[in-house]
Each structure stands twice: as structure tokens, then as C-alpha cells.
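I have placed the structure first, in the form of C-alpha cells, so that the comments after it can refer back to it.
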Amino acid sequence: MIRTLTFSLASALLLSAAAPAAARGDRDQDNLRQAAAQGQVIPLNKLIADVRSRPPYNDMTYLGGPQFDAGRMIYALKFMDGSQVVVVYVDARTGRIVGRKP
């Protein structure tokens, strides 16, 4: 009984904490769409195509599922290089590659 109650309370806390993050994510996406429409950022499909055309990324497989950091206006794009995942960080405003891991 106590275990069930503890699990229920923990689940409720996790769900309530996730709701603001989901709302923030929706707001970030809306802001990003507006910025793209106003020409303040480069559209995602153009950024992906540009990075995929550059060596060494043109020989890698793009994995999809881009991540966006609204605070820094940076996209994280994932590529597969052989058996290793490579994350490329791209400035959404300029299209410049600003980092890579590994």
C-alpha cells in the first residue's frame, strides 16, 4: 500500500514538472517559426541541406531528430559516421557550424 502511494505521488510530481517544460517547448517552436518567417533565422531544412553538403558530413548519414536551444539559437544535428554518432552544432541565425561532438 505504501509502495503504491509513493509511486503515485512520484508519478504525479513528475507529470506536473513536465507540463511547464512541454509548454515552454511549444512556445520555443512558435518563436522559432516566427523568427524564420521574418528572416531572422535560417529555415531548418535549409540548414540541414547546407551541413549535409559539406565535407566530412556529406559522407555521413543524417539521423534526424534535431534539437534546438532557443536561448543560444543553436541546432544540434545528429549524423552517423561509421558506428559513431556525431553531433554538429549550427547557429540558426547564420548557418555557421559552431561546434561538434566528438
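Going by full-length UniProt numbering, the first residue of the sequence shown is number 1, and it counts up by one from there. Positions of the beta carbon are idealized from the N, C-alpha and C atoms, including for glycine. If you're wondering where the values come from, they're calculated on a predicted model, not measured in any experiment.
Per-residue DSSP class, three states only, for residue i
i	result
residue 48	helix
residue 100	strand
residue 40	coil
residue 33	helix
residue 27	helix
Identity of the residues DSSP links to residue i by a beta bridge
i	result
residue 80	61, 85
residue 91	74
residue 67	76
Residue j beta carbon less than 7 Å from that of residue i
i	j	result
residue 72	residue 88	no
residue 41	residue 49	no
residue 77	residue 98	no
residue 26	residue 70	no
query = How about the segment 45-57 and the segment 66-86: do they share at least three Cβ pairs that are nearer than 8 Å?
reply = Under the three-pair Cβ rule at 8 Å, the segment 45-57 counts as touching the segment 66-86.
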